[in-house]
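This report concerns only the one structure given below.
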Amino acid sequence: MEAILRSHTVKFLRGEIINANIKGANIINYYRNKGVQINKDKLIELMLEKEPHFKHIKMSENKRSIGGMKGQKDGLSTELVVKNYLEKNKTNVLKFLKKKHNINCKDYICLLVDELRKNYQYTNSNLPENFKNRIEKYGKPKDNKRAADIVLIAQSKEGNMYQIKFDSKKISTSDSQLCCKSMNTFWNKYVDKSLLPSLQKYIDYNGKIRKFDKNHKDFEIIKNDLWKIMQNVKLNLIKKRDDNNELYFVDYIIQLNNNNELKMVKVDSILSLFNYEPEFKNTNFCFQKYITIKPHGSSRRNPQISLSCKIFNDNELSFCL
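When we follow our numbering, the leftmost residue of the sequence shown carries the number 49, and every step to the right adds one.
The structure is reproduced here in structure tokens:
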């Protein structure tokens with residue numbers, strides 16, 4: 049049911065809630081009065097609580113929505129495959145924890161962040177007490193947009209607890225999206241507002257035609273401002289994803305390749321790529337050939353940060369588990 053609801057627009061979901069005429073106070077106004085933001089996740093949560101009222105809703109035929117749902121389904125499948133790999137290849141994981149984090153690990157568990165979000169109480173109740181307490185220290189993820197997909201919690205032989213967090217990417221011959229944020233939310237919190245006009249010029253379209261190119265009259269200004277912007281937002285945008293719960297920050301980007309090898313890139317190494325001035329390639333600015341800043345598209349004019357799949361072949365930045 050959640051997949052069906054997520055295929056529809058916020059406007060459609062609000063209309064369905066109002067039309068359902070659920071007994072009691074108007075749900076949307078009730079939550080607005082409590083100061084709770086009514087975004088798509090909240091609407092879906094409310095509708096799932098009253099699921100019988102919405103059984104008539106079918107999957108949206110909107111091509112963009114269907115494509116997004118397919119991408120999300122593929123992503124969740126990849127997360128599960130990587131989680132299973134981490135659980136089955138215990139010897140390699142123990143070596144990784146010792147070599148990269150100096151942890152003499154006694155035991156560890158792997159959890160899907162999305163599973164914690166959907167079934168927090170059930171998932172946590174089935175964990176050994178020491179791991180359960182670790183999860184409860186941080187609590188439930190606030191939504192399905194956290195930076196990490198998988199959390200590995202390790203207990204050392206000395207009894208100390210640690211967590212290592214992963215963002216899994218499926219095998220691809222193109223770029224993977226690291227994150228995408230609207231101009232009016234995340235960016236305005238962290239960026240000097242005098243720099244934002246340059247970002248707007250960079251992602252602007254005239255209809256379906258991109259306005260920015262190498263001949264833009266403000267090319268050098270936009271380039272320099274974009275570099276400054278990324279220094280301000282890179283940590284929160286990529287590693288923390290505008291969250292204060294460090295259990296769901298991300299430490300590694302990982303990919304299980306066709307040779308059944310788990311390739312890993314440390315997020316701190318990715319952040320260091322922004323220390324160098326961007327270069328203009330094709331139609332967008334790139335940082336050290338692996339990070340691209342570009343508009344999400346003509347209809348959704350948000351800044352998008354993408355990671356090249358080629359980074360997993362760079363022996364200086366990546367390694368195998």
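Cβ atoms here follow ideal geometry from the backbone N, Cα and C, with glycine treated the same way.
| message | Quick check: what's the CA-CA separation for N363 versus I301? | response | 15 Å
| To the nearest angstrom, how far is it from the Cα of N174 to the Cα of D155? | 16 Å
| query | Skipping 5 residues on each side, what residues in its chain have a beta carbon closer than 6 Å to that of N152? | reply | S204, K205
| field | Neighbourhood of L124 by C-beta distance below 6 Å, restricted to the same chain and skipping five residues each side | value | Residue placement at L124 cannot be trusted, given a pLDDT of 47 that sits under 50; the coordinates are not used to answer.
| task | List the whole-angstrom C-beta distance separating N284 from Y238, where the pair is believed to meet the contact cut-off of C-beta under 8 Å. | result | 6 Å
| task | Starting from F328, follow its DSSP beta bridges and name the residues at the other end. | result | F333
| Residue-level contact to chain C via CB, R194, 8 Å cutoff | In the structure shown, chain C cannot be found, because there is only a single protein chain.
| Contact belief for I219 with N308 at Cβ below 8 Å, rounded distance in angstroms | Contact flag wrong, Cβ pair sits at about 11 Å.
| request: Work out the CA separation of C357 and S222 for me, nearest whole Å. | output: In this structure, the CA atom of S222 is about 6 Å from the CA atom of C357.
| said: Just to confirm before moving on: does the CB-CB distance between I198 and H149 stay below 8 Å? | reply: no
| Under a three-way DSSP split, which group does N140 fall into? | helix
| I341 and L321: beta carbons closer than 8 Å? | no
| request: State the DSSP-derived secondary structure class of I301, mapped to helix, strand or coil. | output: strand
| task | Tell me whether G280 sits in a helix, a strand or coil according to DSSP, three-state version. | result | Sequence check: residue 280 is Asn here, not Gly. Note: N280 maps to helix in three-state DSSP.
| For S224, which beta-bridge partners are listed by DSSP? | Paired residues: L355.
| So F60 is in the beta strand (DSSP E); what residue range does that whole segment cover? | From DSSP, F60 is part of no beta strand (DSSP E) but of the alpha helix (DSSP H) over 58 to 68.
| request: Return helix, strand or coil for N323, following the three-state DSSP convention. | output: helix
| field | Residue closest to N361, alpha-carbon to alpha-carbon, out of L319, D316, K311, G207 | value | K311
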